[in-house]
Amino acid sequence: MTLSAPSARSVDLRVEPVENVLDHVARSLQVDLDRDTVVRKRRSVGARTDRRTWVRIERRGLDRIGVQGWNGTECAARLEGVAQPVWRGCVVWRDADEPVMWRVDETDLLPSAPIGNAILSEDPKLQDAWWQAFNASLDALADQDTRRVATPDTVTITQALVTEAIRSISHSHDFDTTIQSWVPAHADLNWANMTAPTFCLFDWEDWGNAPRGLDSASLWGSSLAVPALADRVWQERRRDFESRDGKLMTLFVCSKILGPDAHPEDPRLTPARRVAERIVSELQAG
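Start counting the sequence shown at 1; every next residue gets the next number (this note's numbering).
So, in structure tokens, the structure goes:
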């Protein structure tokens, strides 16, 4: 009989006390943390160090650490041709009181500021050189080899997951949803995980093999509230969007926007629904 890992208490690190954790990190890495730079998110905490690096601290329950592990940033360090912060090292420990583990990854500082929130409401007015660097990194990433499997929204992506998501919005079962090409993807590509004016892609926790076009479709979905920006993403990644797999990934992303938890005033609803209907018609026509 296989014993499953115990479930961890659900916490929000934006409000959970973390001073002891920060002290542990400082001792383990032999650095001083600039407490004025601490950024607290639901699943992670980050801070700048006195050696001009950045540490990202994540808490994860043992039941959420699967076969793949949770060393995405470390594994991404070997990727060639992808603009990302240099990875320096890590510290991992098991919590003494709860069924959770803590992981700290230390990287170089970002070359520029993050572009914005995951979903933008105004055009960041990126230069052509930025788009060239963006395309070069995405193309280089797709040419790599890995055994990792992407975990968008921390859920392992599978053919069954893709099919279920697409069926939830297509209301039709008369076209094939089988993915033909699986390639390495960042799997959390949005405007909060890239920098400008110098392009850099960070937060690699979820990367791995995914259907071709996932990253392009994800960024397009994050841009729909700014039509000109969404159009630019589509133009830059046209090869992805015009492929069959890219069309399926666009539907996959639309399913997240149009799902049961959608906010009725989300400005992305109407364009996502319109594009989804068009793509379904194209796939039905063969």
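Note that the Cβ used here is the ideal one computed from N, Cα and C, for glycine as well.
For this session: Kindly provide the ranges of any alpha helix (DSSP H) runs that are 4 or more residues long and lie completely inside the segment 148-225, ordered along the chain.
Result: 159-170, 214-223
Notebook entry, point to check: Quick one: is THR270 buried, meaning 16 or more other Cβ sit within 10 Å of its Cβ, or exposed?
Noted result: By 1-based counting over the sequence shown, the position of residue 270 is 270. Label assigned to THR270: exposed.
_Distance CB(LEU248)-CB(PRO211) smaller than 8 angstroms_ = Position 248 of the sequence shown, counting from 1, holds the residue named residue 248. Position 211 of the sequence shown, counting from 1, holds the residue named residue 211. Going by C-beta atoms, LEU248 is nearer than 8 angstroms to PRO211.
Exercise. From the DSSP output, read off the bridge partner residues of THR53.
Key: Taking the sequence shown and counting its residues from 1, the one referred to as residue 53 is at position 53. For THR53, which the question treats as bridged, DSSP gives the partners ASP108.
Exercise. Give the single residue among ARG273, ILE166, ASP206 whose Cα lies nearest to the Cα of ALA187.
Key: Start at 1 with the first residue of the sequence shown, and residue 187 comes out as number 187. Comparing Cα-Cα distances from ALA187 to each of ARG273, ILE166, ASP206, the minimum goes to ASP206.
Exercise. Leaving out five residues on either side along the sequence, give the residues of the same chain with a beta carbon under 6 angstroms from the beta carbon of ARG59.
Key: Position 59 of the sequence shown, counted from the first residue, corresponds to residue 59. Same-chain partners within the cutoff: VAL100, TRP102.
Worksheet entry | Best match in ALA225, ASN190, PHE199 for proximity to ALA217 [C-alpha to C-alpha] | Counted from its first residue, the sequence shown places residue 217 at position 217. The candidate whose alpha carbon is nearest that of ALA217 is ASN190.
Query raised in the report: Nearest-angstrom Cα distance between THR250 and PRO124?
Result: As a first step, residue 250 must be located in the sequence shown, where it is residue number 250. As a first step, residue 124 must be located in the sequence shown, where it is residue number 124. Approximately 22 angstroms, taken between the alpha carbons.
Starting from ARG35 and walking both ways along the beta strand (DSSP E), at which residues does that stretch end? Walking along the sequence shown from the start, residue 35 turns up at place 35. 33-40 is the extent of the beta strand (DSSP E) around ARG35.
* **Rounded straight-line distance, which links the Cα of THR49 to that of VAL39** => Taking the first residue of the sequence shown as 1, we reach residue 39 at position 39. Taking the first residue of the sequence shown as 1, we reach residue 49 at position 49. When only Cα atoms are considered, VAL39 and THR49 end up about 13 angstroms apart.
If you compare alpha carbons, which of TRP87, LEU109, ASN135, VAL55 is closest to ASP32? Along the sequence shown, read from residue 1 onward, the residue named residue 32 stands at position 32. When only C-alpha atoms are compared, the closest one is VAL55.
- Can you give the beta carbon distance from ASP174 to GLN284, rounded, assuming they're within the 8 angstroms contact cut? Sequence index remark: in the sequence shown, residue 174 carries index 174 (1-based). Sequence index remark: in the sequence shown, residue 284 carries index 284 (1-based). Rounded to the nearest angstrom, the Cβ distance from ASP174 to GLN284 is 6 angstroms, consistent with a contact under 8 angstroms.
Quick check on GLY246: does DSSP put it in helix, strand or coil? Start at 1 with the first residue of the sequence shown, and residue 246 comes out as number 246. Helix, per DSSP.
Exercise for review: Starting from the Cα of GLU106, find the closest Cα among SER112, VAL91, ILE119 and give me that residue.
Suggested key: Within the sequence shown, numbered from 1, the residue matching residue 106 stands at position 106. Measuring from the Cα of GLU106, the nearest candidate turns out to be VAL91.
Taking ILE179 as the reference, give the member of ASP245, VAL226, ASP215, PRO114 with the closest Cα. For the purposes of this step, residue 179 is taken as residue 179 along the sequence shown, with counting starting at 1. Of the listed residues, the one whose Cα sits closest to ILE179 is ASP245.
Q) Between the beta-carbon of LEU214 and the beta-carbon of ALA150, is there less than 8 angstroms? A) Taking the sequence shown and counting its residues from 1, the one referred to as residue 214 is at position 214. Taking the sequence shown and counting its residues from 1, the one referred to as residue 150 is at position 150. The Cβ atoms of LEU214 and ALA150 lie closer than 8 angstroms to each other.
**Those residues which DSSP pairs with PRO114 across a bridge** = Indexing the sequence shown from 1 puts residue 114 at position 114. Answer is THR195, bridged to PRO114.
Just how far apart, CA to CA, sit GLU277 and SER168? Taking the sequence shown and counting its residues from 1, the one referred to as residue 277 is at position 277. Taking the sequence shown and counting its residues from 1, the one referred to as residue 168 is at position 168. Going from the Cα of GLU277 to the Cα of SER168 covers about 13 angstroms.
| Among ILE57, VAL183, ALA140, which one has its Cα closest to the Cα of ARG14? | Counting from 1 along the sequence shown, the entry for residue 14 is found at position 14. It is ILE57 whose Cα lies nearest to the Cα of ARG14.
Cβ-based burial, THR2 [other Cβ within 10 Å; buried from 16] = Here the question's residue 2 lines up with position 2 in the sequence shown. With a pLDDT of 49 at THR2, under the threshold of 50, the modelled position of that residue is not reliable, and the figure given next carries that caveat. That one is exposed.
Worksheet item: Based on the DSSP secondary-structure assignment, which residues constitute the bridge partners of TRP93?
Response: Within the sequence shown, the letter at position 93 stands for residue 93. Paired residues: TRP102.
In three-state terms, what does DSSP make of TRP87? Within the sequence shown, residue 87 is the residue found at index 87, counting from 1. Strand.
**Message:** In the DSSP output, what is VAL45 paired with across the bridge?
**Reply:** Along the sequence shown, one-based indexing puts residue 45 at 45. BP columns for VAL45 point to ARG40, ILE57.
*Identify the continuous alpha helix (DSSP H) that holds GLU277 and give its terminal residues.*
Taking the first residue of the sequence shown as 1, we reach residue 277 at position 277. Residues 269-285.
Exercise. Check each candidate in PHE241, ASP240, ARG268, ARG232 and name the one with the smallest Cα separation from LEU126.
Key: Reading the sequence shown from its first residue, position 126 is the one you call residue 126. Of PHE241, ASP240, ARG268, ARG232, the residue nearest in Cα terms is ARG232.
Self-check item: For PRO227, the first and last residue of its enclosing alpha helix (DSSP H)
Solution: Along the sequence shown, read from residue 1 onward, the residue named residue 227 stands at position 227. Segment 227-236, the alpha helix (DSSP H) holding PRO227.
Review point. Around the C-beta of ALA287, are 16 or more other C-beta atoms found within 10 angstroms, so that it is buried, or is it exposed?
Key: In the structure as shown, the chain begins at 1 and stops at 286. Residue 287 is therefore absent and cannot be evaluated.
Query raised in the report: How about ALA8 and LEU62: do their beta carbons lie closer than 8 angstroms?
Result: Taking the sequence shown and counting its residues from 1, the one referred to as residue 8 is at position 8. Taking the sequence shown and counting its residues from 1, the one referred to as residue 62 is at position 62. Going by C-beta atoms, ALA8 is nearer than 8 angstroms to LEU62.
(message) What residue range does the alpha helix (DSSP H) around HIS24 cover?
(response) What you label residue 24 is simply residue 24 of the sequence shown in a count that begins at 1. For HIS24, the enclosing alpha helix (DSSP H) starts and ends at 19-29.
Chain-order list of residues whose beta-carbon lies under 7 angstroms from that of LEU201 (same chain, five-residue window excluded)
Walking along the sequence shown from the start, residue 201 turns up at place 201. Only VAL82, ALA83, GLN84, SER137, HIS186, ASN193, MET194 meet the Cβ criterion.
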